[in-house]
Amino acid sequence: MKKLQYQPKKIVKFEKLLISNKNRFCLTSPEKKEIRNDFNNQNILITGASGSIGKAFTAEILNYDFKNLYLLDKNENNLTKFNREIIYFQNLKEKIKKNIHYICTDLTSFNLDNFIKNNEINIYLNFAAIKHVRSEEELDSALYMLKTNSISFIPKKKNKLKKIFSISSDKSANPFSILGISKLLMENKLADYKNRYSSVCTSSVRFANVIFSEGSIFEHIIIKISKKEIFGIPDKIKRYFITHEEAVSLCLKSLLKKNDGYIIVPNKKKIGKIRNIKDYVIRLLKAHGYKTKFISSIKNNFKIKSTFPVLVTANSIVGQKSFEVFSTNKEKIISDKKDNTVFKIKLLNHLKKKMFEKKLLKNNTLESLKKDLKKLISHYRYSSRQNRISHII
Numbered sequence: 004m005k006k007l008q009y010q011p012k013k014i015v016k017f018e019k020l021l022i023s024n025k026n027r028f029c030l031t032s033p034e035k036k037e038i039r040n041d042f043n044n045q046n047i048l049i050t051g052a053s054g055s056i057g058k059a060f061t062a063e064i065l066n067y068d069f070k071n072l073y074l075l076d077k078n079e080n081n082l083t084k085f086n087r088e089i090i091y092f093q094n095l096k097e098k099i100k101k102n103i104h105y106i107c108t109d110l111t112s113f114n115l116d117n118f119i120k121n122n123e124i125n126i127y128l129n130f131a132a133i134k135h136v137r138s139e140e141e142l143d144s145a146l147y148m149l150k151t152n153s154i155s156f157i158p159k160k161k162n163k164l165k166k167i168f169s170i171s172s173d174k175s176a177n178p179f180s181i182l183g184i185s186k187l188l189m190e191n192k193l194a195d196y197k198n199r200y201s202s203v204c205t206s207s208v209r210f211a212n213v214i215f216s217e218g219s220i221f222e223h224i225i226i227k228i229s230k231k232e233i234f235g236i237p238d239k240i241k242r243y244f245i246t247h248e249e250a251v252s253l254c255l256k257s258l259l260k261k262n263d264g265y266i267i268v269p270n271k272k273k274i275g276k277i278r279n280i281k282d283y284v285i286r287l288l289k290a291h292g293y294k295t296k297f298i299s300s301i302k303n304n305f306k307i308k309s310t311f312p313v314l315v316t317a318n319s320i321v322g323q324k325s326f327e328v329f330s331t332n333k334e335k336i337i338s339d340k341k342d343n344t345v346f347k348i349k350l351l352n353h354l355k356k357k358m359f360e361k362k363l364l365k366n367n368t369l370e371s372l373k374k375d376l377k378k379l380i381s382h383y384r385y386s387s388r389q390n391r392i393s394h395i396i
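Next comes the structure, spelled out in structure tokens:
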């Protein structure tokens with residue numbers, strides 16, 4: 004069945020070249036049927052709908068027989084572009100014209116419970132997130148991150164909800180950053196919701212990095228290559244990467260009934276060997292016809308011909324991990340005998356202290372906020388020193 008093209012063909016080509024030719028987390032036919040049946044004639048709310056993963060997910064379900072689809076995003080331009088793409092797609096396929104509504108607002112200023120009640124929402128899928136560790140370098144953006152990722156995303160009541168999903172991150176496992184803590188708090192809020200409303204299918208996914216996602220280092224790199232401009236990368240950073248298609252599959256897997264009450268994590272054996280970012284850069288530049296020359300400083304006389312200079316910096320990024328894990332030693336990893344592509348972890352509230360919503364947001368300095376986070380998350384590696392990374396990266 005034809006789907007909405009949510010990425011340029013050249014990006015899909017590079018995803019396949021750098022990451023995988025096939026979807027390593029593809030759903031089985033019975034699983035696809037279950038999801039399709041669950042979405043049938045339902046009112047669906049997707050927040051963060053025009054972001055990278057939200058858009059890819061929405062494109063996947065446009066052919067589903069839902070009743071109403073509400074797409075919410077704070078980015079007016081991205082939402083408008085997505086609206087145009089959907090209208091064009093629907094004109095190509097007259098039979099799938101449906102009730103799709105576009106809401107431009109910020110999740111932190113949105114009355115979520117009223118909207119869910121008034122529009123009789125059955126399925127709520129949250130892709131809205133502040134996802135960059137750079138956003139925690141200033142107090143206001145750090146507090147906004149906590150509001151978006153940890154507080155404003157969750158409804159207080161059940162109403163007619165049947166499913167609720169919110170996207171997480173590998174950074175929530177042994178968090179080094181406020182971003183990681185915000186996602187860990189999000190998982191705890193989901194666990195609380197599940198405890199209060201056991202009949203609502205509640206789930207999450209801890210993601211690997213989605214290559215070429217909006218705002219990612221590889222989106223930045225591909226733009227710089229097209230402009231023949233020097234770009235920078237951090238040194239000695241290794242990452243797992245997945246494609247947009249695989250990201251959507253992981254989200255869909257989490258919505259299966261068997262995964263109710265769990266966080267899905269990808270099986271690292273299916274992702275393959277963790278690689279240094281340098282390796283991906285070399286292969287991407289080769290695909291563009293360039294050899295790679297890693298440099299430690301910029302000289303004015305650099306000219307890009309057959310060789311492309313890439314600045315490698317040792318400057319640290321605040322809260323950035325040099326390695327990547329999807330779970331902690333304290334978490335019980337559960338295997339699925341019928342699906343070896345993922346593992347799952349029970350959604351549990353590990354936090355006994357109920358301070359974060361009221362107290363954290365009252366902090367008036369970044370230092371005091373970090374101290375409170377240290378009290379809340381004992382293994383958080385609190386540091387008062389702010390390491391800022393070069394703007395070229």
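With positions in the sequence shown counted from 1, the corresponding number in this note's numbering is that position plus 3. Note that CB positions come from ideal geometry on N, CA and C, so glycine has one too. Since the model is a prediction, treat every value here as computed from it, not as a measurement.
Problem - Proximity to Asn191 [Cα-Cα], best of Ile266, Ser202 and Ser180 - result: When each option's Cα is compared against that of Asn191, the closest is Ile266.
Exercise for the section: Return the residue from the list Lys340, Leu188 and Tyr105 that minimises the CA-CA distance to Leu351. Expected result: Of the listed residues, the one whose Cα sits closest to Leu351 is Leu188.
Handout entry: Exposure of Pro33, with buried meaning 16 or more beta-carbon neighbours within 10 Å
Key = Answer is exposed; the Cβ neighbour count stays below 16.
Handout entry: Beta-carbon proximity check, Phe168 vs Asn122, cutoff 8 Å
Key = Cβ atoms of Phe168 and Asn122: not closer than 8 Å.
Exercise for the section: State yes or no: is the C-beta of Val284 within less than 8 Å of the C-beta of Asn177? Expected result: It is not a contact, given that the beta carbons lie outside the stated cut-off.
Problem - Cα-Cα separation, Asp76 to Phe17 - result: Rounded to the nearest angstrom, the gap between the Cα atoms of Asp76 and Phe17 is 27 Å.
Exercise for the section: Using DSSP bridges, identify the partner residues of Ile245. Expected result: Ile245 is bridged to Val213.
Practice task
Could you give the DSSP three-state label for Ile320: helix, strand or coil?
Solution key: At Ile320 the pLDDT is 49, less than 50, meaning the model places this residue with poor confidence; the figure from the coordinates comes in the next sentence. In the structure shown, Ile320 sits in coil (DSSP, three-state: anything other than H, G, I, E or B).
Practice task
Go through the segment 79-158 residue by residue and report every complete run of the beta strand (DSSP E) that reaches 3 residues or more, in order.
Solution key: Whole beta strand (DSSP E) segments, 3+ residues: 102-107 and 126-129.
Handout entry: Classification of Asn255 by the beta-carbon crowding that lies within 10 angstroms, buried from 16 upward
Key = Correcting the residue type first, residue 255 is Leu in the shown sequence and not Asn. Leu255 sits buried, since 16 or more C-beta atoms from the chains shown fall within 10 Å of its C-beta.
Handout entry: Pick from Phe210, Ile47, Gly51 and Asn343 that is closest to Leu164, judged by C-alpha positions
Key = Ranked by Cα distance from Leu164, the first of Phe210, Ile47, Gly51 and Asn343 is Ile47.
Practice task
Can you give me the Cβ contacts of Leu30 inside the same chain, cut-off strictly under 8 Å, excluding the 5 residues immediately before and after it?
Solution key: Hits under 8 Å: Ile38, Ser252, Leu255 and Lys256.
Exercise for the section: Using a threshold of 8 Å, state whether the C-beta atoms of Leu21 and Lys166 are closer than that. Expected result: Not a contact, by the Cβ cut-off of 8 Å.
Practice task
Go to Leu187, then tell me how far its alpha helix (DSSP H) extends in each direction, as first and last residue.
Solution key: Membership of Leu187 in the alpha helix (DSSP H) is indicated by the continuous run Ile181 to Arg199.
Exercise for the section: From the DSSP output, in three-state form, read off Ser397 for me. Expected result: In the structure as shown, the chain starts at 4 and stops at 396, and residue 397 therefore has no counterpart that could be examined.
Problem - Where Ile307 sits in the DSSP three-state scheme - result: Under the three-state reduction of DSSP, Ile307 is assigned to coil, being neither helix nor strand.
Practice task
Kindly indicate which residue of Lys230, Ile90, Lys58 and Ile184 has the alpha-carbon position closest to the one of Val136.
Solution key: The residue with the shortest Cα to Cα distance from Val136 is Ile184.
Problem - Coarse secondary structure for Asn40, derived from DSSP in three states - result: The answer is helix: DSSP assigns Asn40 an H, G or I state.
Practice task
Reducing DSSP to helix, strand and coil, say where Asp409 ends up.
Solution key: One cannot answer for residue 409 here, as it falls past the ends of the chain, which runs 4 to 396.
Practice task
Can you say whether Ala317 is buried or exposed, counting buried as having 16 or more other CB atoms within 10 angstroms of its CB?
Solution key: Label assigned to Ala317: exposed.
Exercise for the section: Take every Cβ of the segment 335-346, pair it with every Cβ of the segment 266-281, and state whether three or more of those distances are shorter than 8 Å. Expected result: A contact between stretches requires three or more CB pairs, one per stretch, nearer than 8 Å, and the segment 335-346 meets this requirement with the segment 266-281.
Handout entry: Beta-carbon contacts of Ala132 that lie in its chain and below 7 Å, excluding the five residues immediately before and after
Key = Result list for Ala132: Gly51, Thr151, Asn152 and Ile170, in chain order.
Exercise for the section: Grab the span of the alpha helix (DSSP H) containing Ile14 for me, first residue to last. Expected result: Counting along the chain, Ile14 sits inside the alpha helix (DSSP H) bounded by residues Lys12 to Leu21.
Practice task
May I ask you to report which of helix, strand or coil DSSP gives Val437?
Solution key: The structure shown does not extend to residue 437, since the chain is modelled only from 4 through 396, so no value can be given for it.
Problem - Leu287 - containing beta strand (DSSP E), residue span - result: First-last for Leu287: Ile280 to Ala290, but that is the alpha helix (DSSP H), not the beta strand (DSSP E).
Handout entry: DSSP three-state assignment for Gly57, whether helix, strand or coil
Key = Under the three-state reduction of DSSP, Gly57 is assigned to helix.
Exercise for the section: Take Asp109 as the anchor and find which of Asn78, Tyr127 and Ile277 has the nearest alpha-carbon. Expected result: Cα-wise, what sits closest to Asp109 is Asn78.
Handout entry: Reference Ala211; option with closest CA among Lys12, Thr83, Ser330 and Glu334
Key = For the residues Lys12, Thr83, Ser330 and Glu334, the minimum Cα distance to Ala211 belongs to Ser330.
Practice task
List the whole-angstrom C-beta distance separating Leu364 from Leu149, where the pair is believed to meet the contact cut-off of C-beta under 8 Å.
Solution key: That pair is a contact at about 7 Å.
Practice task
Put Leu350 into one of helix, strand or coil per three-state DSSP.
Solution key: If DSSP states are grouped into helix, strand and coil, Leu350 belongs with coil.
Practice task
Compare the beta carbon distance of Asn367 and Asp375 with 8 Å and say whether it is the shorter of the two.
Solution key: No, they are not a contact pair.
Handout entry: Boundaries (first-last residue) of the alpha helix (DSSP H) holding Ile226
Key = Ile220 to Lys230 is the span of the alpha helix (DSSP H), which, as asked, contains Ile226.
Practice task
Flag Ile56 as yes if its beta-carbon sits less than 8 Å from any beta-carbon of chain B, otherwise no.
Solution key: No chain B appears in this structure, which consists of one protein chain only.
Problem - Bridge partner(s) assigned by DSSP for Asn314 - result: Note that residue 314 is Leu in the sequence shown here, rather than Asn. According to DSSP, Leu314 bridges with Gly235 and Ile298.
Practice task
Could you check which residue in Thr205, Lys377 and Leu72 has the C-alpha nearest to that of Ile348?
Solution key: Cα-wise, what sits closest to Ile348 is Thr205.
Practice task
Helix, strand or coil for Ser361, going by three-state DSSP, please let me know.
Solution key: Looking at the sequence shown, residue 361 is not Ser but Lys. DSSP, reduced to helix, strand and coil, places Lys361 within a helical segment of the structure shown.
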